[in-house]
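Peer 1: Keeping their order, the protein sequence lines are chains A and B. Numbering-wise (the numbering used here), the first sequence opens with residue 2 and increments by one. Numbering-wise (the numbering used here), the second sequence opens with residue 2 and increments by one. Just so you know, even glycine gets a beta-carbon here, dropped at the ideal spot from N, CA and C. Keep in mind that this is a model prediction, so the values were computed, not measured.
There are 2 protein chains.
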Amino acid sequence: MRPFEEELKSLNGALQEMGALVAQSIHRAVMALVEKNEDYAHQVVRDEARINQCEIQIDDLATTLIVRESPVAGDMRFLVGAIKINTDLERMGDMAVGIVERAFTSLHQSDLPMEVGFTEMGNLVESMVLTSLDAFVARDAKLAQSVITSDDAIDKIRNTITRQMIDIMKKEPSMVERALDYVLIARRLERIADHATNIAEDVIFMVKGIDVRHRVTAGNPISQ
Amino acid sequence: MRPFEEELKSLNGALQEMGALVAQSIHRAVMALVEKNEDYAHQVVRDEARINQCEIQIDDLATTLIVRESPVAGDMRFLVGAIKINTDLERMGDMAVGIVERAFTSLHQSDLPMEVGFTEMGNLVESMVLTSLDAFVARDAKLAQSVITSDDAIDKIRNTITRQMIDIMKKEPSMVERALDYVLIARRLERIADHATNIAEDVIFMVKGIDVRHRVTAGNPISQ
């Protein structure tokens, strides 16, 4: 039986590996969409199975450690946190596949006559995912806070894309479906960012023992 | 110290109580929207705090039991399942608040000139939430399967609403924002249904030890 510290390292490694896979899938999903790259689209679909396998392994490892070690408060919060975070990561993988489904549809369609901020939004979301996991592994509340701050930037990009699409829908009835598609893709990316934010909030809860989850957000006509 | 069986009953009770609260919030959020009922909207916002409290209590209870009892495989899966399901329930509460934010915006706006299936969709989602928890507590895979089946009905209603709204957006540019709002509300309800489906899949995994999570769904131009 390996010492607890080593097992924790191996759990951290598994979470970061899963995070890297998820971040790669997000990147490829956005590239598949923006550059109409079919290979990337297929890779995202293929990697979802690996992400799902990771989820099961991490659940098993965390549960085994809880039972075997009856860890003290801090480590216990860490292990329960791993189970929760794991769920978030797997859901992000699902979202990436969802984006890819739209990418397949759009492979043979013409683009909207404008630059849409998906590349920028995707890059920021990827970095939020990786940073949230780094914060978890390092038990670093400050790093976690930076993820929560980035979420505001995501909301802004999402709002900008939505407003652009509303304009198109009003001016060009024939573009309604395509513009709506883009609104919904922006929402998918936003949902991935929400999961990263959830992870960051779990980290702060774990480190400081205070609950910053469930922030109340102000209403906004097009932010929901 | 109470016997394990009694503690399990108390955990079940807490999950079902949380589920009832969440189902009530979904119901009230839809009523707030459809009937422009402001009282309901405020109650949903108020009850979110209670739902968040429930989440923390259930995490604590499940973790304590895992440590204290080192349960055998079946009970262990149940306790880890409780932690995962708990997260889903809390997220549903967030979605209900999101719907209510739209309801506040729409209180003083005129309705779209058509019947939208939110009441029907909301009722089905509520019943999926309650049934998924019943299935978990009873460890009943067949009941869980019925929730997964209902998810297809949700997708159909969501598609119908989306198509209706696309028609409106094409015909009435001045209605674009309002119609888009309705598309996004339908997505919120669908996301709640997705969480109920996640719970149902966890139940089947727990009971049968097989993984039905992560079903691949076929692409569809407006279903994402």
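Can you have a look at residue 137/B and say buried or exposed, based on whether 16 or more other CB atoms are within 10 angstroms of its CB?
Peer 2: On the second sequence, residue 137/B is found 136 positions in, with the first residue counted as 1. By the neighbour-count rule (16 or more Cβ atoms within 10 Å), residue 137/B is buried.
Peer 1: Determine the chain A residues that contact residue 174/B at a beta-carbon separation under 9 Å, and present them in chain order.
Peer 2: Numbered from its first residue, the second sequence carries residue 174/B at position 173. Under the 9 Å cutoff, chain A gives 170, 171, 172 and 174.
Peer 1: Give a yes or no on whether the C-beta atoms belonging to residue 199/B and residue 60/B are separated by under 7 Å.
Peer 2: Counted from its first residue, the second sequence places residue 199/B at position 198. Counted from its first residue, the second sequence places residue 60/B at position 59. No, Cβ-Cβ distance for residue 199/B and residue 60/B is not below 7 Å.
Peer 1: For residue 117/B, name the three-state secondary structure that DSSP assigns.
Peer 2: Taking the first residue of the second sequence as 1, we reach residue 117/B at position 116. Three-state result, residue 117/B: coil.
Peer 1: Per DSSP, what kind of secondary structure is residue 192/A in: helix, strand or coil?
Peer 2: Counting from 1 along the first sequence, the entry for residue 192/A is found at position 191. In the structure shown, residue 192/A sits in a helix (DSSP, three-state: H, G or I).
Peer 1: Tell me which residues of the stretch 81-92 of chain A have at least one Cβ-Cβ distance to chain B shorter than 7 Å, keeping chain order.
Peer 2: 81, 84, 85 and 88
Peer 1: What is the C-beta distance between residue 132/A and residue 147/A, in whole angstroms, given that I count them as a contact (C-beta under 8 Å)?
Peer 2: As a position in the first sequence, residue 132/A is number 131, starting the count at 1. As a position in the first sequence, residue 147/A is number 146, starting the count at 1. The Cβ separation is near 6 Å, so the contact holds.
Peer 1: Under 6 Å Cβ to Cβ from residue 19/A, same chain only, skipping five residues before and after it: list those, please.
Peer 2: In the first sequence, residue 19/A corresponds to position 18, counting from 1. Cβ within range, chain order: 55 and 90.
Peer 1: For residue 111/A, return the contacting residues in chain B, with the cut-off set at a CB-CB distance below 7 Å.
Peer 2: Working through the first sequence from its first residue, we reach residue 111/A at position 110. By Cβ distance, chain B contributes nothing, its closest Cβ being about 15 Å from residue 111/A, past 7 Å.
Peer 1: Would you mind telling me which residues of chain B sit closer than 7 Å to residue 67/A, beta carbon to beta carbon, in chain order?
Peer 2: Counting from 1 along the first sequence, the entry for residue 67/A is found at position 66. Residues of chain B passing the Cβ test: 67 and 68.
Peer 1: Determine the contact status of residue 154/B and residue 166/B, defining contact as a CB-CB distance below 7 Å.
Peer 2: Translated into positions along the second sequence, residue 154/B becomes position 153. Translated into positions along the second sequence, residue 166/B becomes position 165. For residue 154/B and residue 166/B, no; Cβs fall outside 7 Å.
Peer 1: Judging by CA-CA distance, which residue of 97/B, 34/B and 58/B is the nearest neighbour of residue 194/B?
Peer 2: The sequence position of residue 194/B within the second sequence is 193, counting from 1. Checking every option, the nearest Cα to that of residue 194/B belongs to 97/B.
Peer 1: How long is the line joining the alpha carbons of residue 62/A and residue 99/A, rounded to whole angstroms?
Peer 2: Here the question's residue 62/A lines up with position 61 in the first sequence. Here the question's residue 99/A lines up with position 98 in the first sequence. Those two C-alpha atoms are separated by around 28 Å.
Peer 1: Using a Cβ-Cβ distance cut-off of 7 Å, determine whether residue 64/A contacts chain B.
Peer 2: Stepping through the first sequence from its first residue, residue 64/A is reached at position 63. At least one chain B Cβ lies under 7 Å of residue 64/A.
Peer 1: For the pair the stretch 104-119 of chain A and the stretch 29-46 of chain A, tell me if three or more CB-CB distances fall below 8 Å.
Peer 2: yes
Peer 1: Where do the ends of the alpha helix (DSSP H) carrying residue 141/B lie?
Peer 2: The residue you call residue 141/B lines up with position 140 of the second sequence. First-last for residue 141/B: undefined, no H or E at that position.
Peer 1: On the three-state DSSP scale, how would you describe residue 199/B?
Peer 2: Against the second sequence, residue 199/B aligns to sequence position 198. Correct three-state label for residue 199/B: helix.
Peer 1: Can you give me the Cβ contacts of residue 158/A inside the same chain, cut-off strictly under 7 Å, excluding the 5 residues immediately before and after it?
Peer 2: Taking the first sequence and counting its residues from 1, the one referred to as residue 158/A is at position 157. The beta carbon of residue 158/A lies closer than 7 Å to those of 118, 121 and 122 in the same chain, with the five residues before and after it left out.
Peer 1: Under a three-way DSSP split, which group does residue 3/A fall into?
Peer 2: Sequence index remark: in the first sequence, residue 3/A carries index 2 (1-based). DSSP places residue 3/A in coil when its eight states are reduced to three.
Peer 1: May I ask you to report which of helix, strand or coil DSSP gives residue 54/A?
Peer 2: Locating residue 54/A in the first sequence gives position 53, counting from the first residue. Residue 54/A: helix per DSSP, three-state reduction.
Peer 1: Distance check for residue 128/B and residue 231/B, CA to CA, integer angstroms please.
Peer 2: Given a span of 2 to 225 for chain B in the structure shown, any question on residue 231/B remains unanswerable.
Peer 1: Would you say residue 222/B faces chain A, with C-beta separation under 7 Å as the test?
Peer 2: By 1-based counting over the second sequence, the position of residue 222/B is 221. Bear in mind that a pLDDT of 38 at residue 222/B, under 50, signals an unreliable position, so the number given afterwards is only what the model happens to contain. True, the Cβ-Cβ gap to chain A drops below 7 Å.
Peer 1: Rounded to the nearest angstrom, what separates residue 204/B and residue 87/B at their Cα positions?
Peer 2: As a first step, residue 204/B must be located in the second sequence, where it is residue number 203. As a first step, residue 87/B must be located in the second sequence, where it is residue number 86. About 13 Å.
Peer 1: State buried or exposed for residue 3/B, treating a residue as buried only when at least 16 other CB atoms are found within 10 Å of its CB.
Peer 2: For the purposes of this step, residue 3/B is taken as the residue at position 2 of the second sequence. Exposed, by the Cβ-count rule.
Peer 1: Can you list, in chain order, the residues of its chain with a C-beta nearer than 7 Å to that of residue 80/B? Leave out the 5 residues immediately preceding and following it.
Peer 2: Position 79 of the second sequence, counted from the start, is the residue given in the question as residue 80/B. Once the five neighbours on either side are set aside, the close Cβ partners of residue 80/B are 63, 66, 67 and 72.
Peer 1: Between residue 44/A and residue 29/A, which are expected to be in contact by the criterion C-beta below 8 Å, what is the C-beta distance as a whole number of angstroms?
Peer 2: Walking along the first sequence from the start, residue 44/A turns up at place 43. Walking along the first sequence from the start, residue 29/A turns up at place 28. Yes, residue 44/A and residue 29/A are in contact; Cβ-Cβ is about 6 Å, under 8 Å.
Peer 1: CA-CA distance, residue 82/A and residue 175/A?
Peer 2: For this step, residue 82/A is matched to residue 81 along the first sequence. For this step, residue 175/A is matched to residue 174 along the first sequence. Cα to Cα, residue 82/A sits roughly 47 Å from residue 175/A.
Peer 1: Below 7 Å on C-beta distance, what does residue 71/A contact in chain B?
Peer 2: The residue labelled residue 71/A in the question sits at position 70 within the first sequence. Simply 68.
Peer 1: Between the C-alpha atoms of residue 145/A and residue 57/B, what's the straight-line distance to the nearest angstrom?
Peer 2: To locate residue 145/A, count along the first sequence from 1; it is residue 144. To locate residue 57/B, count along the second sequence from 1; it is residue 56. Going from the Cα of residue 145/A to the Cα of residue 57/B covers about 20 Å.
Peer 1: Once the 5 residues before and after residue 70/A are set aside, which same chain residues still bring their CB inside 7 Å of it?
Peer 2: Indexing the first sequence from 1 puts residue 70/A at position 69. Closer than 7 Å at the Cβ level, and outside the excluded window around residue 70/A, lie 5.
Peer 1: Taking C-alpha atoms, which residue in 163/B, 168/B and 40/B lies nearest to residue 234/B?
Peer 2: Coverage of chain B is limited to positions 2 through 225, which leaves residue 234/B absent and any answer about it impossible.
Peer 1: Is residue 44/A helix, strand or coil by DSSP?
Peer 2: Working through the first sequence from its first residue, we reach residue 44/A at position 43. In the structure shown, residue 44/A sits in a helix (DSSP, three-state: H, G or I).
Peer 1: Can you pull the chain B residues whose beta carbon is under 8 Å from the beta carbon of residue 60/A, in chain order?
Peer 2: Taking the first sequence and counting its residues from 1, one reaches residue 60/A at position 59. Chain B residues near residue 60/A: 81.
Peer 1: If you check the beta carbons only, do residue 201/B and residue 169/B fall under 7 Å apart?
Peer 2: Within the second sequence, residue 201/B is the residue found at index 200, counting from 1. Within the second sequence, residue 169/B is the residue found at index 168, counting from 1. It is not a contact, given that the beta carbons lie outside the stated cut-off.
Peer 1: List the residues of chain B whose Cβ lies closer than 9 Å to the Cβ of residue 181/A, in chain order.
Peer 2: Counted from its first residue, the first sequence places residue 181/A at position 180. Result: 163, 166, 167, 170, 181, 184 and 223.
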